[in-house]
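Colleague: First the structure, which I've put down as structure tokens, then a few questions once you've had a look.
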Amino acid sequence: MNQHYHTIIIGAGVAGMTAALYLKRAGKKVLVIEKEAPGGQITRTSKIENYPGFISIEGPELAFTMYEQLTNLEVEFAYSEVTSIKGMTPYQVITDKEIYTSDYIILALGRKPRKLNVKNEEKLTGKGISWCAVCDGPLYKNKRVAVIGGGRSALEETIYLSKLCKEVTLIHRRDDFRADNELIDNVNRIENIQIITNAEVVEFKEKDGILDKIILTSKKQPILEVDGCFEFIGQEPSTSFLKETLNVDQEGYIEVDQEYQTSLSHVYACGDCLKKDLYQIINACSEGAIVANTILKQ
36 MNQHYHTIII
46 GAGVAGMTAA
56 LYLKRAGKKV
66 LVIEKEAPGG
76 QITRTSKIEN
86 YPGFISIEGP
96 ELAFTMYEQL
106 TNLEVEFAYS
116 EVTSIKGMTP
126 YQVITDKEIY
136 TSDYIILALG
146 RKPRKLNVKN
156 EEKLTGKGIS
166 WCAVCDGPLY
176 KNKRVAVIGG
186 GRSALEETIY
196 LSKLCKEVTL
206 IHRRDDFRAD
216 NELIDNVNRI
226 ENIQIITNAE
236 VVEFKEKDGI
246 LDKIILTSKK
256 QPILEVDGCF
266 EFIGQEPSTS
276 FLKETLNVDQ
286 EGYIEVDQEY
296 QTSLSHVYAC
306 GDCLKKDLYQ
316 IINACSEGAI
326 VANTILKQ
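Using the working numbering, read the sequence shown as starting at 36 and increasing by one per residue.
So, in structure tokens, the structure goes:
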């Protein structure tokens with residue numbers, strides 16, 4: 036028999052976990068469905084220094100603290116992937132393992148790392164190519180790695196990897212970086228960081244099934260020998276399974292009204308699956324709280 040919930044939250048990032056906290060404290064039966072580890076993007080972040088209340092905290096540590104707070108409240112978690120949403124209130128939430136029903140749904144799907152889509156990228160995923168320095172950085176202790184990207188995340192993870200690796204090469208397709216000057220200066224001061232600008236990746240080369248070289252458009256250094264590569268070239272919403280179900284824009288971001296309700300009644304969205312100017316922990320938490328409060332008023 037299918038289990039019925041007042042609200043099902045799809046995604047256990049900071050927005051989803053905040054919504055679960057507010058709903059559970061109000062006495063509602065809540066289920067959080069997550070296909071990976073609770074915490075979302077922050078589990079891939081080495082250090083957080085802009086979240087009020089913490090001078091500095093590791094991303095996975097903050098994620099675990101939020102998760103522990105929910106488990107102490109006995110919030111239910113299901114670890115599976117949602118494949119579709121069907122019906123109207125009550126909705127059916129269909130996963131790869133189970134079917135659940137609920138009166139309300141909160142979509143806190145977050146975003147996933149964008150890929151370069153160049154030769155051998157898929158083949159070498161997990162075999163030298165990664166999108167998580169915190170997860171995989173220790174595998175390359177005292178080795179040579181590359182970081183691809185020019186935004187804040189790329190620079191922060193470059194600094195993190197420089198503490199583990201023998202040499203880190205930061206590759207950016209433009210000449211200027213999209214980050215604050217202090218962060219850029221910090222990168223420039225670290226001796227084992229090399230920077231290659233105005234260069235793009237053409238191809239990944241392998242040796243014995245493992246990443247061995249990166250082919251670049253750079254005339255000064257067209258071939259870069261590495262043991263590992265980390266890509267930080269932006270994010271895209273994890274909403275592909277919803278495109279036939281509710282309204283999303285051309286980039287896949289979910290369209291909502293002023294109360295964060297989607298084009299479906301009793302279905303709300305919050306967090307990084309929404310198009311906005313600021314993608315930060317603090318506003319994701321705020322959106323989760325607002326959505327939960329909106330539901331509780333009904």
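Every residue gets a Cβ at the ideal spot worked out from N, C-alpha and C, and that includes glycine.
1) Is the segment 305-325 touching the segment 159-174 in the sense that three or more CB pairs, one from each, lie closer than 8 Å?
2) Rounded to the nearest angstrom, what separates Thr130 and Asn227 at their Cα positions?
3) Mapping the DSSP letters down to three states, classify Ala327 as helix, strand or coil.
4) Compute the distance between the beta-carbons of Ala143 and Ala50, then report whether it is under 7 Å.
5) Grab me the residues of Lys248's own chain with a C-beta within less than 6 Å of its C-beta, minus the 5 sequence neighbours each way, in chain order.
6) If you follow the alpha helix (DSSP H) that Phe99 is part of, which residue opens it and which one closes it?
7) Does the distance between the C-beta of Gln127 and the nearest non-hydrogen atom of the ligand NAP fall short of 6 Å?
8) Kindly list the residues whose CB is nearer than 6 Å to the CB of Gly75, restricted to its own chain and excluding five residues on each side of it in sequence; keep chain order.
9) Any chance the segment 209-217 sits against the segment 183-195, with 3 or more Cβ pairs inside 8 Å?
10) Can you tell me which of the three DSSP states Lys242 falls into?
11) When you compare only the Cα positions, how much space is there between Asp138 and Lys176?
12) From the DSSP output, in three-state form, read off Tyr195 for me.
13) Taking one C-beta from the segment 115-122 and one from the segment 190-205 each time, how about it: are there three or more such pairs within less than 8 Å?
14) For a quick check, are the C-beta atoms of Tyr295 and Pro272 less than 7 Å apart?
15) With Leu205 as the anchor, note down where its beta strand (DSSP E) starts and where it stops.
16) Can you say whether Asp284 is buried or exposed, counting buried as having 16 or more other CB atoms within 10 angstroms of its CB?
17) Can you check which of these residues, Arg60, Trp166, Gln333, is closest to Gln270 by C-alpha distance?
18) Under 7 Å between the Cβ atoms of Ile250 and Val237?
19) Can Ile77 and Gly94 be called in contact, C-beta distance under 7 Å?
20) The beta strand (DSSP E) spanning Ile231 covers which residue range?
21) From Gln315 to Ile245, what distance separates their C-alpha atoms?
22) Please state whether the Cβ-Cβ distance between Thr252 and Val222 is less than 7 Å.
23) Check each candidate in Tyr86, Leu151, Ile68 and name the one with the smallest Cα separation from Ile268.
24) May I have a chain-ordered list of the beta strand (DSSP E) segments no shorter than 3 residues that lie completely inside the segment 121-189?
25) Quick check: what's the CA-CA separation for Lys154 versus Thr100?
26) Look up Ile77 in the DSSP assignment and say whether it is helix, strand or coil.
27) Measuring only the C-alpha atoms, how far is Arg149 from Lys255?
28) So Gly306 is in the beta strand (DSSP E); what residue range does that whole segment cover?
29) Taking Cβ to Cβ, would you say Leu205 is nearer than 7 Å to Ile230?
30) For Pro42, which beta-bridge partners are listed by DSSP?
31) Among Gln293, Asp307, Glu103, Leu105, which one has its Cα closest to the Cα of Thr329?
32) Can you name, in chain order, every residue of its own chain whose Cβ lies under 6 Å from the Cβ of Asp307, other than the five neighbours on each side?
Modeller: Reading off the structure:
1) Because the criterion of three Cβ pairs below 8 Å is not met, the segment 159-174 and the segment 305-325 do not touch.
2) Counting from 1 along the sequence shown, the entry for residue 130 is found at position 95. Counting from 1 along the sequence shown, the entry for residue 227 is found at position 192. For Thr130 and Asn227, the distance between alpha carbons rounds to 46 Å.
3) Indexing the sequence shown from 1 puts residue 327 at position 292. Three-state result, Ala327: helix.
4) In the sequence shown, the residue the question calls residue 143 occupies position 108. In the sequence shown, the residue the question calls residue 50 occupies position 15. Their beta carbons are under 7 Å apart, which means Ala143 touches Ala50 by this criterion.
5) The sequence position of residue 248 within the sequence shown is 213, counting from 1. Taken in chain order, the residues that qualify are Lys240, Ile258, Glu260.
6) Position 64 of the sequence shown, counted from the first residue, corresponds to residue 99. Here the alpha helix (DSSP H) through Phe99 covers 94-107.
7) Among the ligands in the structure shown, none appear at all, so the ligand NAP cannot be discussed.
8) Along the sequence shown, one-based indexing puts residue 75 at 40. Residues of the same chain with a CB within less than 6 Å of the CB of Gly75, apart from the 5 flanking positions on each side, are Gly48, Gly145 in chain order.
9) These segments touch.
10) Taking the first residue of the sequence shown as position 1, residue 242 is located at position 207. Looking at Lys242 - three-state DSSP - the assignment turns out to be strand.
11) Numbered from 1 along the sequence shown, position 103 holds the residue referred to as residue 138. Numbered from 1 along the sequence shown, position 141 holds the residue referred to as residue 176. Going by C-alpha positions, Asp138 is about 49 Å away from Lys176.
12) The residue labelled residue 195 in the question sits at position 160 within the sequence shown. Tyr195 falls in the helix class under three-state DSSP.
13) Of all C-beta pairs linking the segment 115-122 to the segment 190-205, fewer than three are shorter than 8 Å, placing the two stretches out of contact.
14) In the sequence shown, the residue the question calls residue 295 occupies position 260. In the sequence shown, the residue the question calls residue 272 occupies position 237. Cβ atoms of Tyr295 and Pro272: not closer than 7 Å.
15) On the sequence shown, position 170 is the one that residue 205 refers to. It spans 202-206 - the beta strand (DSSP E) in which Leu205 sits, taken as one unbroken run.
16) On the sequence shown, position 249 is the one that residue 284 refers to. By the Cβ neighbour-count rule, Asp284 is exposed, with fewer than 16 other Cβ atoms within 10 Å of its own.
17) The residue labelled residue 270 in the question sits at position 235 within the sequence shown. Taking the Cα of Gln270 as reference, the smallest distance to any Cα among Arg60, Trp166, Gln333 is reached at Trp166.
18) For the purposes of this step, residue 250 is taken as residue 215 along the sequence shown, with counting starting at 1. For the purposes of this step, residue 237 is taken as residue 202 along the sequence shown, with counting starting at 1. Against a cut-off of 7 Å, the Cβ pair of Val237 and Ile250 comes out as a contact.
19) Residue numbering aside, residue 77 sits at position 42 when the sequence shown is read from its first letter. Residue numbering aside, residue 94 sits at position 59 when the sequence shown is read from its first letter. Contact check for Ile77 against Gly94 passes: the beta carbons are separated by less than 7 Å.
20) The sequence position of residue 231 within the sequence shown is 196, counting from 1. Following the DSSP letters along the chain, one finds Ile231 inside the beta strand (DSSP E) bounded by residues 228-231.
21) Locating residue 315 in the sequence shown gives position 280, counting from the first residue. Locating residue 245 in the sequence shown gives position 210, counting from the first residue. Annotation: Gln315 to Ile245 spans about 35 Å, alpha carbon to alpha carbon.
22) By 1-based counting over the sequence shown, the position of residue 252 is 217. By 1-based counting over the sequence shown, the position of residue 222 is 187. The answer is no: Cβ separation not under 7 Å.
23) Taking the sequence shown and counting its residues from 1, one reaches residue 268 at position 233. Taking Ile268 as reference, the option from Tyr86, Leu151, Ile68 with the minimal CA-CA separation is Leu151.
24) The qualifying runs are 126-130, 134-142, 146-148, 179-183.
25) Locating residue 154 in the sequence shown gives position 119, counting from the first residue. Locating residue 100 in the sequence shown gives position 65, counting from the first residue. The straight-line gap separating the alpha-carbon atoms of Lys154 and Thr100 is approximately 40 Å.
26) Working through the sequence shown from its first residue, we reach residue 77 at position 42. If DSSP states are grouped into helix, strand and coil, Ile77 belongs with the helices.
27) Position 114 of the sequence shown, counted from the start, is the residue given in the question as residue 149. Position 220 of the sequence shown, counted from the start, is the residue given in the question as residue 255. Roughly 27 Å between the two C-alpha positions.
28) On the sequence shown, position 271 is the one that residue 306 refers to. Taken as a continuous stretch (DSSP letters only), Gly306 belongs to no beta strand (DSSP E), as it is neither H nor E.
29) Taking the first residue of the sequence shown as 1, we reach residue 205 at position 170. Taking the first residue of the sequence shown as 1, we reach residue 230 at position 195. Between Leu205 and Ile230, the CB-CB gap stays under 7 Å.
30) Here residue 42 corresponds to residue number 7 of the sequence shown, with the count starting at 1. Going by the sequence as given, residue 42 is Thr instead of Pro. Bridge partners of Thr42 according to DSSP: Val65, Tyr139.
31) Residue 329 sits at position 294 when you count from the first residue of the sequence shown. Per the Cα distances, Gln293.
32) Residue 307 sits at position 272 when you count from the first residue of the sequence shown. So the qualifying residues of the chain are Gly145, Arg146, Tyr314.
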